[in-house]
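Residue numbers (this note's numbering): 18 to 398.
Glycine residues also receive a C-beta, built at the ideal position from the N, C-alpha and C atoms.
What follows is a set of notes on a single structure, which appears directly below.
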C-alpha cells in the first residue's frame, strides 16, 4: 500500500499545478462553448471530450520524461518530421486544394503539426551544443537553414498558417539564444513599409487580373479581404464580416449562454473550429472575452516563468519558445476573428474543435512541466 501511495505521489509531482489549473479552466470553458456551438451534446462534443482526454494523457506522459531524454531525441524527431513532410510532397492526400495529409494505413496524420514542436526542440538542441556564449554569424546561418527546410516544405503544401507558426516557433528559439535586436530593426522597417504600401495601393493590387506571383490565389484573396471585407460581403468577406457582427452584438455582458443568434442561425461559419471565439464573445460579451484573455496571459506568463527558472540552455530556450508560440496562436486566431488579421486557419488553444491541435498543445504543455519538474540535477537522474 505504501508503495502504491508513493507511486501516486510521484505521478502527481510531475504536474505543474498552476499551469494545470489554468489548463483545466480553459478546457472547461472550451467544452462549455463547444456544447453551445454544436447546439447540444452531439458526436462532435463527445469527440472533443475524447480529444481532451488524449491530450491530457500525452501531457502526463511527456511531463514524466526528464528533459535530458527529450534533448537526446530532438535531432531524430526533427529528421523524422522532415522526412514525413517530404513523403507528403510525393505521396500526400489532397483535400480542398492542399496536400497536407499522409495515410500510413493504420493512421492518417498531418506531419506539419509535428514540426510545431520538433523545430523548436531541434534548434534548442543545436544551441545547447554550442560552446560560444555569443551567437556567431555561422551559428545563425545554420539555425536559419534548420528552420527554412520545414518552412519551405509546409509552404509548398500549401499551408501558410502552419508554416508561419513553425517559422515563429523557431524564430523565438533563435531570439532567446542571443539574436541581436539590431538585426531585427531593418526587418521591422521592411515589413512596415511593405504593409503601408499594400494598404495604399489596395485598390490596384487586389484587382482579379493582378498576379501576386509569390502567393496562391486564395492567399491573395485573404489579404485583400482583410484590407476591404466589404468588397465581397457574401463571398470572400463573409467569414470576417459575420464574426465581427457576432462579437459586436455580444456587447459588454453578452446575450447569454446558448442565446447567440449569429451562431445558432448558422451565420458564423466554422463556428466550432477557427471562429469559436465569435460564438464565445457573442454569448459572454466583453467581460467574458477579457476573462479568457486573462487566462491565456497567465498561461503565457507561467510558461515564461518556467523558462526563466530552467537550469539548462535547452530547457530555457524550449520553454520560452513554446510559451511565445502559444501567444502567437491566441493573437493570430483572435486577430483573424476580429478582422485585424487575414484568415489563416489557426485554432484557438484549448477552445477550437480538433484532435491534432489539442494533442500538439498537450505535448507542448507536457514539455513545459517536464522542464519545470526536472530543473534540479538530482531530479533528472
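Helix, strand or coil: how does DSSP classify residue i here?
i: residue 156; result: helix
i: residue 288; result: coil
i: residue 44; result: helix
i: residue 126; result: strand
i: residue 110; result: strand
i: residue 398; result: Note that residue 398 scores 41 on pLDDT, short of 50, meaning its location in the model is unreliable; the coordinates nonetheless yield the value given after this. Coil, per DSSP.
i: residue 151; result: coil
i: residue 314; result: helix
i: residue 392; result: coil
i: residue 358; result: coil
i: residue 260; result: helix
i: residue 224; result: coil
i: residue 31; result: coil
Just how far apart, CA to CA, sit residue i and residue j?
i: residue 38; j: residue 189; result: 26 Å
i: residue 210; j: residue 204; result: 10 Å
i: residue 241; j: residue 355; result: 16 Å
i: residue 327; j: residue 145; result: 13 Å
i: residue 94; j: residue 316; result: 26 Å
i: residue 136; j: residue 324; result: 17 Å
i: residue 289; j: residue 370; result: 6 Å
i: residue 380; j: residue 226; result: 45 Å
i: residue 365; j: residue 156; result: 34 Å
i: residue 363; j: residue 121; result: 25 Å
i: residue 78; j: residue 85; result: 15 Å
i: residue 287; j: residue 296; result: 10 Å
i: residue 83; j: residue 340; result: 19 Å
i: residue 163; j: residue 140; result: 7 Å
i: residue 353; j: residue 256; result: 10 Å
Using alpha carbons as the reference points, say which of the options lies closest to residue i.
i: residue 161; options: 228, 174, 184, 146; result: 184
i: residue 47; options: 33, 158, 64; result: 64
i: residue 306; options: 62, 154, 351, 70; result: 351
i: residue 360; options: 69, 268, 238; result: 238
By Cβ distance, which residues of its chain are closer than 6 Å to residue i, with the 5 residues on each side in sequence left out?
i: residue 80; result: 31, 383, 386, 387
i: residue 394; result: A caution first: residue 394 carries a pLDDT of 48, below 50, which makes its placement in the model too unreliable to give a value.
i: residue 275; result: 53
i: residue 373; result: 127, 130
i: residue 303; result: 269
Excluding five sequence neighbours on each side, which residues of the same chain lie with their C-beta closer than 7 Å to the C-beta of residue i?
i: residue 281; result: 56
i: residue 313; result: 347
Report yes or no: is there a C-beta of chain B within less than 8 Å of the C-beta of residue i?
i: residue 64; result: Within the model displayed, chain B is absent; a lone protein chain is all it includes.
Residue i lies in the beta strand (DSSP E); which residues open and close that run?
i: residue 333; result: No beta strand (DSSP E) holds residue 333; the alpha helix (DSSP H) holding it covers 330-354.
i: residue 119; result: 115-120
For residue i, which residues from the same chain have a beta carbon less than 8 Å from its beta carbon, with the 5 sequence-adjacent residues on both sides left out?
i: residue 118; result: 105, 109, 110, 112, 125, 126, 127
i: residue 262; result: 279, 284
In the DSSP assignment, find the unbroken alpha helix (DSSP H) run with residue i in it and report its ends.
i: residue 67; result: 60-81
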